[in-house]
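Visitor: I'd like to ask you about the structure that follows.
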Amino acid sequence: MKYLSNGILEIEVSEIGAELRSLRRVTSPHEYLWQGDSAFWDRRAPVLFPIVGRVWENKLHINGREYQLNQHGFARDMTFECVADEDRHLAFATHSNEASLALWPFDFEIRIDYTLLRNVITVGWQVTNHSDAKMPFQIGAHPGFRYKQYNDNDDAHGFLSFDVDENLRSTVIAPGGYADDTTFDVEVPADGLLPLTNHTFDCDTIVEATGRISRVTLHDKNGRPMVTVRHSMPITALWSPCGGKAPFMCIEPWHGCCDPVGFADDVERKPFIEHAEPNTTWQTSYEIIIE
Numbered sequence: 001m002k003y004l005s006n007g008i009l010e011i012e013v014s015e016i017g018a019e020l021r022s023l024r025r026v027t028s029p030h031e032y033l034w035q036g037d038s039a040f041w042d043r044r045a046p047v048l049f050p051i052v053g054r055v056w057e058n059k060l061h062i063n064g065r066e067y068q069l070n071q072h073g074f075a076r077d078m079t080f081e082c083v084a085d086e087d088r089h090l091a092f093a094t095h096s097n098e099a100s101l102a103l104w105p106f107d108f109e110i111r112i113d114y115t116l117l118r119n120v121i122t123v124g125w126q127v128t129n130h131s132d133a134k135m136p137f138q139i140g141a142h143p144g145f146r147y148k149q150y151n152d153n154d155d156a157h158g159f160l161s162f163d164v165d166e167n168l169r170s171t172v173i174a175p176g177g178y179a180d181d182t183t184f185d186v187e188v189p190a191d192g193l194l195p196l197t198n199h200t201f202d203c204d205t206i207v208e209a210t211g212r213i214s215r216v217t218l219h220d221k222n223g224r225p226m227v228t229v230r231h232s233m234p235i236t237a238l239w240s241p242c243g244g245k246a247p248f249m250c251i252e253p254w255h256g257c258c259d260p261v262g263f264a265d266d267v268e269r270k271p272f273i274e275h276a277e278p279n280t281t282w283q284t285s286y287e288i289i290i291e
């Protein structure tokens, strides 16, 4: 485990999955990050790679061959090496190995950077393709944020606000965790605060795949801003287990999404697929802002 502080924020990051494991203000006892509990969800903030979501029947097709790949891929369980431990900055890297090549036939390296600046954590991703062929992939974030003073009898555990003054439009998630070909609207009240209740996530996951949203703020039950996720990715996913009856919720910026129902085509034709050309590095980043 690696620790980093800038005097305002302090974080801990595990070498397993380069996963953010703790996020606090130096002057406050509140732990912003969900701490894992198998009764709800035993992870905290995994990085999803080389897929996001589930592929149809856990079968992936690449250049005429079939591979078995479980939901959200395997990077979250890989061991990363800390390659930078500096003032206000940590970086971790891992690369393909015999086990990963059996699941995903590309030679790759992933680097994940955490940088603290005042009340902002910037999380950077670099995906390098060392293969001779163009590498398709997906990548996404899955941080869970704890509510303050959670009580499962509250009318609302907190609220969400967005940088668009419109209702959300979500892809329907079919049984098994696949994308339906239909959508539904999530009504955002006139005050811009979407209440998070015990039934907000009866739909499983809100998947806003229109690319309209680049900023989501979680507010406490009194409407005070707590934490903001800011990004430039095409998909924003919102999730909490048990339909929403859990002490936390996830704000997830994604470059990728689960397979449509029945999808059995080559991964190249998978919706929301990214590519890295041979011997090139693809990169992006997002921010977690403690309000």
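Taking the working numbering, the leading residue of the sequence shown gets 1, the next gets one more, and so forth.
Quick reminder that beta carbons are idealized off the backbone N, C-alpha and C, glycines included.
Keep in mind it's a predicted model, so treat the numbers as computed, not measured.
1) Which whole-angstrom value describes the C-beta separation of L193 and H157, a residue pair presumed to lie in contact below a C-beta threshold of 8 angstroms?
2) What residues match up with N129 in a beta bridge as DSSP calls it?
3) So if DSSP puts F184 in a beta bridge, which residue, or which two residues, is it bridged to?
4) Among the residues of its own chain, which have a CB less than 8 angstroms from the CB of G144, if the five just before and after it don't count?
5) Nearest-angstrom Cα distance between M233 and D154?
6) State the start and end residues of the unbroken beta strand (DSSP E) segment that holds A264.
7) According to the neighbour-count rule (16 or more other Cβ atoms, all chains shown, within 10 Å of its Cβ), is T205 buried or exposed?
8) Note the first and the last residue of the continuous alpha helix (DSSP H) segment covering S22.
9) Out of Q149, P225, A190, state which residue places its alpha-carbon closest to the alpha-carbon of D165.
10) So what's E291 in DSSP terms, helix, strand or just coil?
11) Does the region 267-275 come close enough to the region 221-232 to have 3 or more Cβ pairs within less than 8 angstroms?
12) Measure the beta-carbon distance from A141 to E252 and round it to whole angstroms, keeping in mind my assumption that it falls under 8 angstroms.
13) By the 10 Å Cβ neighbour count, where 16 or more other Cβ atoms means buried, how is L117 classified, buried or exposed?
Guide: Let me lay it out:
1) Here residue 193 is taken as the residue at index 193 of the sequence shown, counted from 1. Here residue 157 is taken as the residue at index 157 of the sequence shown, counted from 1. At roughly 13 angstroms, the Cβ-Cβ gap does not stay under 8 angstroms, so L193 and H157 are not in contact.
2) Along the sequence shown, one-based indexing puts residue 129 at 129. Answer by DSSP bridge pairing, in chain order: F108, T280.
3) For the purposes of this step, residue 184 is identified with residue 184 of the sequence shown, where counting begins at 1. S170.
4) Locating residue 144 in the sequence shown gives position 144, where the first residue counts as 1. For G144, where only same-chain residues beyond five positions count, the Cβ hits under 8 angstroms are L33, W34, W41, R43, R44, A45, F248, M249, C250.
5) Translated into positions along the sequence shown, residue 233 becomes position 233. Translated into positions along the sequence shown, residue 154 becomes position 154. Approximately 32 angstroms, taken between the alpha carbons.
6) Locating residue 264 in the sequence shown gives position 264, where the first residue counts as 1. Note, A264: premise wrong, no beta strand (DSSP E); not H, not E.
7) Position 205 of the sequence shown, counting from 1, holds the residue named residue 205. Looking at its Cβ environment, which holds 16 or more other Cβ atoms inside 10 Å, T205 is buried.
8) By 1-based counting over the sequence shown, the position of residue 22 is 22. Premise fails: S22 lies in the beta strand (DSSP E), 20-25, not in any alpha helix (DSSP H).
9) Your numbering for residue 165 matches position 165 in the sequence shown. It is A190 whose Cα lies nearest to the Cα of D165.
10) The residue given as residue 291 occupies position 291 in the sequence shown. Residue state, collapsed to three classes: coil.
11) no
12) The sequence position of residue 141 within the sequence shown is 141, counting from 1. The sequence position of residue 252 within the sequence shown is 252, counting from 1. Sure, about 6 angstroms apart at Cβ, within 8 angstroms.
13) Along the sequence shown, read from residue 1 onward, the residue named residue 117 stands at position 117. Classification for L117: exposed.
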